[in-house]
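A short write-up of the structure that comes next.
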Amino acid sequence: MSNNEWPLVFFTMLSQISVGILISMLILWLTMRNIESGTIETLKRTLMFTALASMGIALVLSFLHLSLPQHAIYAMSNLRTSWLSREIILASIFLLTLAIAYMSLKYNMPHRNLFPQLFLASLIIGLLLAWGISRVYMIPTVPLWNTPSTPISFFNTAIMLGGGAVLVITALMSSGKSTVPGVQNMQSVLFFVITAAVFVSLLNMFLLQPDIGAVSGNLPASVADGSWQTVRIVFLLAGYTALTYWVAYQAPHPGGAASMLIYLAVACLFISELAGRYLFYASYFRVGV
Amino acid sequence: MTQLAFYFDASSCSGCKTCQVACKDKHDSPMGVRWRRIYEVSGGDWIQNGPAWIPNIFAYHVSMACNHCEEPICMTSCPNKAIVKDERGIVLIDYDRCMGCKYCEWTCPYGALHFDPDKKVMTKCTFCADYLEEGKAPSCVSACPMRVLDYGDLEELEKKYGRHREYFPLPADKYTGPAVVIKPHKDTRRYDTKELQIINKEEVI
Amino acid sequence: MKEFDLNHQQPGGDPDKQGMNRRCFLKTGALFAGGMAAFGSLLGCTDNRKGIRLPGRLEADGTVIVRAGCPAHNCGGRCVLKLFVRDNEIVRIETDDRPGDDISNPQLRACIRGRAYRRRQYHPDRLKHPMKRTGKRGEGKFERISWDEALDMMASELKRVKKDYGNSAILVPYGTGSYNQTNGRQTAARLMNLFGGSLGFYNSYSWACISRATPYVYGTGVTGNQRQDWVNSRYIIMWGWNPAEMRDGTNTEYFLKKARENGARIVCIDPRMSMSATALADEWIPIRPGTDTALMSAMAHVIISEGLHDKDFIHSSCVGFDRSQMPEGLEEEESYSDYIFGTRDGQPKTPEWAEAITGIPRDTIIRIAREYGSIKPAMLYQGYGMQRRAYGEQPVLGGCVLAAITGNVGIPGGWASGIALQAEDGGPFWNIFPTGRNPVGATIPVFLWTEAILRGKEMGPEDGVIGAEKLDNNIKLIWCVASNILINQHADTNRSAKILQDESLVEFIAVQDQFMTPSARYADLVLPVCTQLEMWGLEDGWKYGDEVILMPQVVDKPAETKSDYQIAAALAGRLGLKEEYTLGRDERDWIEWAVKFYRNTRFPDIPDLEKLHEMNRGVYTRPIHEPKIAFSDFRKDPERHPLNTPSGKIEIFSRQLYDMGKPDTIPAVPKYIREWESPFGAESKKYPLQAIGHHYMPRVHSTHDGIDWLEEAFPQRLFINPIDAGARNIRNGDSVMVYNERGKIRIPCRVTNKIMPGVVNIPQGAWWKPDKHGVDQRGNVNVLTSHRWTPLAFGNAQHTIMVEVEKVS
Ligand SMILES: Nc1nc2c(c(=O)[nH]1)N[C@H]1C(S)=C(S)[C@@H](COP(=O)(O)OP(=O)(O)OC[C@H]3O[C@@H](n4cnc5c(=O)[nH]c(N)nc54)[C@H](O)[C@@H]3O)O[C@H]1N2
Ligand SMILES: Nc1nc2c(c(=O)[nH]1)N[C@H]1C(S)=C(S)[C@@H](COP(=O)(O)OP(=O)(O)OC[C@H]3O[C@@H](n4cnc5c(=O)[nH]c(N)nc54)[C@H](O)[C@@H]3O)O[C@H]1N2
Ligand code: SF4
Ligand code: SF4
Ligand code: SF4
Ligand code: SF4
Ligand code: SF4
Ligand SMILES: [Mo]
């Protein structure tokens, strides 16, 4: 992987986190009933803002990767055959709908009551975007990318880190307070979501991902020798252990230094995914030359 | 529509890289930009038998530009429609539309796309279209001291030399339908061989 | 014995005569020589050109296309460049575009170096002003001075050394940077000869052994058929020969391709799987360096024991093959067959014997011996790398003998082996610019110039000195033109540097070049020279060729650069020799003279300069439809057309060599002699790897080193086999230290199967770049090479060395 792909690492991860936040919101929406509406409102606004900011930064970063950003005006002109073109248009629309949805919440513009519809629209476009991002990488001539493992791992990043982000925000909201009604339930739900994602992640790593060994001659040493893979697994397990511990022993008693553990746990998950993404880019090699 | 194509006779290519520099000079390509480049391929082992060494070694060179593919994956993947295929079948990059995202470079299985750090756009072999218009052969073709490069209409070249190109290190045709005809070297293997490697990677990226 | 010295004409005769080398004397005789002298006055130059006249048409964008010879460095080829010139700048370089490219008159297509010439021409490091040394010698500190000061300094040093020591203390060393007539060392040689002479030398770094040894067998160096004949061959052995990379005359690789298309089977015998092995050969046979004569002997063993030798031809045309045809009075001496079958030394030269020495499986030896012995006609073509070795004379003789005993001499499709200058007249002239007779008669073997610095006065015939009983001087002044031999290209760089550093030995060194080369760093005075595209010149083929290539000036000289001729002419003015030196001619006038010279020798129909220039084809050629065959007369009737050997026949056993009385190092029949540094000797314990330094594609020796497009294509590095690399824990791309007791270099490596185990290759010619511990950082193989010379030719044995390689972290 060359250095100029770092913007792409962050673009993909941040846009996936953005989508993931919406996914978590949907899950919470579907599972949560009796939460105090003030908490809900603040949470919604904060989460929508985080998703929006995350996506906004992602798009700015993606521009850094271009050498002639002024020619980006043509970037949506090949929707017919180019997944990259589709990704770019989806990302732009996603950002737009996110912005409108957020505005409807915050400034009542166009109207507050439209939020559910706008939220759903954003979510759907976000999911399409996540799919689009996967497809950009499913290049027929790039064997290690052109597998179902790519969308699975990309969606999984969305779910794990989106869930993680929401978890962190709920923890932030309740920090210093003895209890916020309902939040603990939400956190349990999110814990289950992340648990599923961690499981899928391991499954993907050990069962789905194409065998790097067969083509290791074509790959940089850091990919072939598995050192990054080790980083990835260690941080995943460390993060998840910390998370479990936190959920079991500390979440019921929010406030104070205790919440540090949740930040640490999610940071570990983030690092694990970052390593995974680095590996993903580094495992690029084409058929042919 | 016609489809222009290169012919390359691997059996007598020495790997002298005159074609590479002829192209660089013609197009003023900066360092690192090699629209035509030469892959050095080798494989096999040395077998010791008493005091003797038996060389079970294969090696050959492949000089490769852009294959102006019939279904150019670079073109279909470019978001900007900056890559076009003209009526001669030549695949060209429109520098006024390219934003330098380098996506095409990921997709082309022939390593044909080279980002130009000065122009800040993706560049590649133009088939020396200006020379073709003047009725001249492409610069690389008329440069080759071994006379192993040629060009012409794909169908005619295939009629003359057969439809051969799925040789290592080239991939199977199915991805892009490359417009190139290759005469194999005695050591040439099919694209899916495990016996060979490109051994001069640092010279061709 | 006549010397065949292609890289250097022998000074001799008067100005307008001695430009001609051996052939013109042979061919044109006295009548012509007289005529040439007359030219001088006739041509006396009334050229009042203003600016540079370019022959091409002006294109709409202001570009003019000029065809000219690629700068005549010692590159192995001679090609035509098509230069696109705009606003006094070369903006593009293409090559020969004459229509109808066929083997009778093929296009002279440039190689990578010619195509990249813009990057050399416009390199920011080009020398622009005269400079004198300020620091210690070799330290690399210089300050800019004016031309006046530079020329005054040079003139006064020359006068001083002449007065204090005499002319034989002056050396204009070997230097092959330019053969375009008006640039190059010949311009300095002419002036020195007018000034009273300088220490002469014979031989070359290229061909010392092959040019010296071949005539012992054949009485001549003209042993090669014209290349158009190669398509008639059925079997070709490229023996240590790599023409796809070293060209050996532009188009040689192309002729071989044609021969193969015509059905010839080609095998290549080389420790490396060279570019030629890959592109031209049906089979590659790796051989342990320095053991070629063992393989040749074993092949002879097979050929003779299986009766595949050409008995009739041997009987009618050779001497010394076996006891029955030994020279008179030497009947009891060891014949070739005696040696091969071990009748005297008890060791038959069997394939098993050779297998242990060469590393080639015995079955392979038997097979190629049978092939070469039975497929007719066949060529055994020798490269020059294997004669730049310890006993480099032996494989040359061995190859000639194999060709003779298989009857491949004097027939189409055959090949007599040896140096193989082109029939019927020896091929191109190289230099015709007349250097004049050297009044200093003493002449040394070219490789021994450092000896002549250290102990010139002690040197006599035992050191190869000819023309004098003893030298009467040590070298005190060096005027080095178009050469990097002082440091880079001579053996044992650290030794050369130490000798040159000592200002009490050589008192004054001037170097004339286009770049601050390692040799230039050791100069007291550095003079900036224009390139050959910035002044008028003319060249012909490299070894082979039937063409004259024009080199008109295409762009201005930059900054304060001057041509070598101008510098010598200006110096001549300071020495009071202006008229004699220039004969009133400028460079273009000399080229006009040169064209006439060619009209009177090889090319009677060549138009005059004006016309040639206007034609703008770059080259004048003589198409070859009926290639000449060397020794065809001798073959038809050996009695009526005897060879120029003592017996008039092919001397498989040489009485002349026998008479030298050194059977261990100069045997009378070709023998395998174990080299002085070898994997079989005690030295291999410490330094187990053989190192060769082949002539690399991106450079002409050291010329072109550091040119970006060429370095990008062919980076400098050490080539090592995976088995040797593995044993040293070295991975592809690692930096390694290569060393022996003469020096150390640090260089990145390429681990490749394409070189034989036990052998490493460090392409020769990289610019020496020592760090403060004296470790070369660039990879100049001469840091490791030895100064020891070969026994017969006093030639450079630079490829015979042992080294160790280590990974550096
Ligand atoms: N590209 C390029 N071309 C050149 C030159 C250059 O610098 N660069 N220089 C020119 C000049 S001046 C000259 S004299 C010629 C030199 O031409 P050569 O002397 O023929 O060239 P080398 O590369 O020294 O050697 C030729 C081959 O011999 C092999 N070899 C080395 N040792 C042995 C041995 O012991 N046995 C056998 N069988 N093979 C051996 C080497 O691997 C190499 O492939 O080239 C000319 N052409
Ligand atoms: N180890 C090892 N050493 C070798 C060899 C080997 O095989 N192995 N090969 C040997 C052989 S065959 C040869 S021929 C020698 C060659 O040795 P050299 O004759 O020293 O050849 P170059 O290294 O090319 O140096 C020529 C110099 O001339 C300069 N030059 C070029 N054009 C001009 C010009 O027009 N005018 C002037 N004034 N200068 C110019 C170039 O910049 C360069 O510095 O090297 C020998 N050295
Ligand atoms: S110029 Fe010809 S022989 Fe040389 S590398 Fe290119 S294709 Fe091969
Ligand atoms: S070779 Fe590559 S760049 Fe050229 S047309 Fe085919 S896919 Fe595109
Ligand atoms: S780099 Fe340029 S040509 Fe390539 S895909 Fe991007 S915009 Fe298209
Ligand atoms: S056709 Fe022209 S642009 Fe293409 S590789 Fe050859 S020289 Fe370069
Ligand atoms: S072989 Fe020599 S003359 Fe020909 S292009 Fe190469 S460097 Fe120039
Ligand atoms: Mo040479």
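Residue numbers (this note's numbering), protein chains in the order written: chain A, 29 to 317; chain B, 4 to 208; chain C, 39 to 847. Even for Gly, the Cβ is constructed at its ideal location relative to N, Cα and C. Just so we're clear, the structure is a prediction, and the values are computed from it rather than from any experiment.
Between the alpha carbons of K105 of chain B and L96 of chain C, how many angstroms are there, rounded?
Here residue 105 of chain B refers to the residue found at position 102 of the second sequence. Here residue 96 of chain C refers to the residue found at position 58 of the third sequence. When rounded, the distance between both Cα atoms is 40 Å.
So G160 of chain A contacts chain B; which residues on that side make the cut at Cβ distance below 8 Å?
As a working note, residue 160 of chain A is residue 132 in the first sequence. What G160 of chain A touches in chain B: nothing, since even the nearest Cβ is about 11 Å away.
Under 9 Å, Cβ to Cβ, is there at least one residue of chain C near I60 of chain B?
Against the second sequence, residue 60 of chain B aligns to sequence position 57. Chain C, which has a Cβ nearer than 9 Å to the Cβ of I60 of chain B, makes this yes.
Note the first and the last residue of the continuous alpha helix (DSSP H) segment covering T59 of chain A.
For this step, residue 59 of chain A is matched to residue 31 along the first sequence. Its alpha helix (DSSP H) spans residues 34–59.
V789 of chain C and P753 of chain C look like a contact to me (Cβ under 8 Å); what is the Cβ gap, rounded to whole Å?
The residue given as residue 789 of chain C occupies position 751 in the third sequence. The residue given as residue 753 of chain C occupies position 715 in the third sequence. Wrong, their Cβ atoms sit about 14 Å apart, outside the cutoff.
In whole angstroms, give me the CA-to-CA distance for D530 of chain C and R766 of chain C.
Position 492 of the third sequence, counting from 1, holds the residue named residue 530 of chain C. Position 728 of the third sequence, counting from 1, holds the residue named residue 766 of chain C. The straight-line gap from Cα to Cα measures roughly 26 Å.
Hey, which unbroken runs of the beta strand (DSSP E) at 3 residues or more fall wholly within the stretch 81–159 of chain B?
86–88, 94–96, 117–119, 124–126, 152–156
What did DSSP end up calling Q570 of chain C once you bin it into helix, strand or coil?
On the third sequence, residue 570 of chain C is found 532 positions in, with the first residue counted as 1. Of the three classes helix, strand and coil, the one that applies to Q570 of chain C here is coil, per DSSP.
Residues bridged to N59 of chain B by DSSP?
Along the second sequence, read from residue 1 onward, the residue named residue 59 of chain B stands at position 56. B:D48.
Other residues of its chain near A454 of chain C: CB distance less than 8 Å, five sequence neighbours each side excluded
Here residue 454 of chain C corresponds to residue number 416 of the third sequence, with the count starting at 1. Contacts found: Y256, T261, G262, C438, A441, A442, N446, V447, G448, A668, F669.
Chain C contact for M67 of chain B (CB, 9 Å cutoff):
In the second sequence, counting from the first residue as 1, residue 67 of chain B sits at position 64. With 9 Å as the cut-off, M67 of chain B does not count as an interface residue toward chain C.
Taking 8 Å as the cut-off, is the beta-carbon of S66 of chain B closer than that to any non-hydrogen atom of ligand 3?
Residue numbering aside, residue 66 of chain B sits at position 63 when the second sequence is read from its first letter. Proximity of the beta carbon of S66 of chain B to ligand 3 is indicated: a heavy atom of the ligand is located closer than 8 Å.
Can the beta-carbon of P386 of chain C be found closer than 9 Å to that of I403 of chain C?
Residue 386 of chain C sits at position 348 when you count from the first residue of the third sequence. Residue 403 of chain C sits at position 365 when you count from the first residue of the third sequence. Going by C-beta atoms, P386 of chain C is not nearer than 9 Å to I403 of chain C.
Can you check whether the C-beta of G114 of chain C is within less than 9 Å of a C-beta belonging to chain B?
Indexing the third sequence from 1 puts residue 114 of chain C at position 76. Cβ-Cβ to chain B under 9 Å: no for G114 of chain C.
Does V843 of chain C come within less than 9 Å of chain B when only Cβ atoms are used?
In the third sequence, the residue the question calls residue 843 of chain C occupies position 805. Not one chain B Cβ lies under 9 Å of V843 of chain C.
Report the neighbours of A132 of chain B on chain C: residues whose CB is nearer than 9 Å to its CB, in chain order.
Within the second sequence, numbered from 1, the residue matching residue 132 of chain B stands at position 129. None at all; the shortest Cβ gap to chain C is about 16 Å.
Out of C:G152, C:N280, C:M192, C:R755, which one is the CA nearest neighbour of P168 of chain C?
In the third sequence, the residue the question calls residue 168 of chain C occupies position 130. Relative to the Cα of P168 of chain C, the nearest Cα in the group C:G152, C:N280, C:M192, C:R755 belongs to C:M192.
Under 8 Å by Cβ, that's how I've got V340 of chain C and R408 of chain C pegged, so tell me the actual separation to the nearest angstrom.
Position 302 of the third sequence, counting from 1, holds the residue named residue 340 of chain C. Position 370 of the third sequence, counting from 1, holds the residue named residue 408 of chain C. Contact holds; Cβ gap of about 7 Å.
Name the residues in the stretch 103–132 of chain B whose C-beta lies less than 7 Å from a C-beta of chain A; which are they?
For the stretch 103–132 of chain B, the set of positions with a beta-carbon nearer than 7 Å to some beta-carbon of chain A reads G103, C104, Y106, W109, T110, P112, Y113, G114, K123, V124 in chain order.
Neighbour list for G84 of chain A in chain B, Cβ cutoff strictly below 9 Å
In the first sequence, residue 84 of chain A corresponds to position 56, counting from 1. Per Cβ cutoff of 9 Å: no residues; G84 of chain A is ~19 Å from chain B at best.
Inspect the beta-carbon positions of G583 of chain C and G465 of chain C and report whether they are closer than 9 Å.
On the third sequence, position 545 is the one that residue 583 of chain C refers to. On the third sequence, position 427 is the one that residue 465 of chain C refers to. Yes. Within cutoff.
Within this structure, are the beta carbons of L89 of chain A and M102 of chain B separated by less than 9 Å?
As a first step, residue 89 of chain A is located in the first sequence; it is residue number 61 there, counting from the start. As a first step, residue 102 of chain B is located in the second sequence; it is residue number 99 there, counting from the start. Not in contact: L89 of chain A and M102 of chain B (Cβ atoms no closer than 9 Å).
9 Å Cβ cutoff, C62 of chain C in contact with chain B:
In the third sequence, counting from the first residue as 1, residue 62 of chain C sits at position 24. Note on C62 of chain C: pLDDT 35, under 50, position unreliable in the model; no value is reported.
Can you list, in chain order, the residues of its chain whose CB lies under 7 Å from that of V478 of chain C, leaving out five sequence neighbours each side?
Translated into positions along the third sequence, residue 478 of chain C becomes position 440. Excluding sequence neighbours, V478 of chain C sits near N205, S206, G235, S236, L237, G238.
Sorry if obvious, but does the Cβ on H739 of chain C come closer than 8 Å to a heavy atom of ligand 1?
Reading the third sequence from its first residue, position 701 is the one you call residue 739 of chain C. For ligand 1, at least one heavy atom lies less than 8 Å from the Cβ of H739 of chain C.
Any idea which residues DSSP pairs C787 of chain C with across the strands?
For this step, residue 787 of chain C is matched to residue 749 along the third sequence. Looking at the DSSP assignment, C787 of chain C forms a beta bridge with C:L756.
Can you pull the chain C residues whose beta carbon is under 7 Å from the beta carbon of R150 of chain B, in chain order?
The count along the second sequence starts at 1 and reaches residue 150 of chain B at position 147. Under the 7 Å cutoff, chain C gives Y292.
Below 8 Å on C-beta distance, what does T175 of chain A contact in chain B?
In the first sequence, the residue the question calls residue 175 of chain A occupies position 147. Within 8 Å of the CB of T175 of chain A, no CB atom of chain B is found; the nearest one sits about 16 Å away.
Beta-carbon within less than 7 Å of G451 of chain C's beta-carbon, same chain only, minus the 5 sequence neighbours each way: which residues are those?
The residue you call residue 451 of chain C lines up with position 413 of the third sequence. Cβ within range, chain order: D267, N270, S271, R272, P415.
May I ask you to report which of helix, strand or coil DSSP gives T481 of chain C?
Residue mapping note: residue 481 of chain C aligns to position 443 of the third sequence, counting from 1. Of the three classes helix, strand and coil, the one that applies to T481 of chain C here is strand, per DSSP.
If you draw a straight line from the C-alpha of T84 of chain C to the C-alpha of S601 of chain C, how long is it?
Within the third sequence, residue 84 of chain C is the residue found at index 46, counting from 1. Within the third sequence, residue 601 of chain C is the residue found at index 563, counting from 1. Residue placement at T84 of chain C is flagged as unreliable, the pLDDT there being 25, under the threshold of 50; the coordinate-derived value follows with that caveat. Using only the alpha carbons, I get a separation of about 20 Å.
G505 of chain C to P162 of chain C, Cα distance in whole Å?
Sequence index remark: in the third sequence, residue 505 of chain C carries index 467 (1-based). Sequence index remark: in the third sequence, residue 162 of chain C carries index 124 (1-based). Here the C-alpha atom of G505 of chain C lies approximately 45 Å from the C-alpha atom of P162 of chain C.
Would you mind reading off the limits of the beta strand (DSSP E) that contains Q420 of chain C?
Translated into the one-based positions of the third sequence, residue 420 of chain C becomes position 382. 416–420 is the span of the beta strand (DSSP E), which, as asked, contains Q420 of chain C.
Look at the alpha carbon of M698 of chain C and the alpha carbon of I704 of chain C, and state the distance between them as a whole number of angstroms.
Locating residue 698 of chain C in the third sequence gives position 660, where the first residue counts as 1. Locating residue 704 of chain C in the third sequence gives position 666, where the first residue counts as 1. Their backbone Cα atoms lie some 8 Å apart in a straight line.
Taking the alpha-carbon of D330 of chain C as reference, which of C:V846, C:T838, C:F635 has the nearest alpha-carbon?
Taking the third sequence and counting its residues from 1, one reaches residue 330 of chain C at position 292. If we check each option's Cα against that of D330 of chain C, C:T838 comes out closest.
Against chain C: residues of the stretch 71–94 of chain B by CB proximity under 8 Å:
So the list is empty, because no residue satisfies the distance condition.
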